[in-house]
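Report on one structure; see the data block that follows.
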Amino acid sequence: MSAADVELTITDRANCTYNEWVVADYSVIGLFAAAPFRISAKEPIQYPEDMSSWLRSDTDALGFKHLAIQDLLTEFHPLPIYSFRGGKLVGWVSGNWCPILHHQLYP
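Its first residue numbered 973, the sequence shown is counted upward by one per residue in the numbering used here.
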């Protein structure tokens, strides 16, 4: 797959569709996370305390769960975390977002 092919999967796709790529022979170099950090997750439905039990459901609701940077660091330890800030690639280093150059990712 060429760079032009990858570009076409983004620019020539129909509205309301998505693309998926299969990548082989890769090395994980970190986690890219774009703010706001959130995931789709099932969580118990919160009901008012005075709601009758017969009106409640035991099922979970699908929704977005917001994460803090610490959640990402804990869940994906020891991988470095990367993002974009101000249009630039950054990495989380010692509690701060620091500029990262492409050659630091792809030596």
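Ideal Cβ positions, reconstructed from N, Cα and C, are used throughout, including at glycine.
The shortest CA-to-CA distance from P1052 to any of F1004, D997 and Y990 is the one to F1004.
Using a Cβ distance threshold of 8 Å, L1039 and I1011 count as a contacting pair.
Taken through DSSP and simplified to helix, strand or coil, V1065 comes out as strand.
If you draw a straight line from the Cα of G1059 to the Cα of W1069, it is about 13 Å long. Going by DSSP, L1039 is part of no alpha helix (DSSP H) at all; its letter is neither H nor E.
As DSSP reads the structure, A1013 sits in a beta bridge with G1035.
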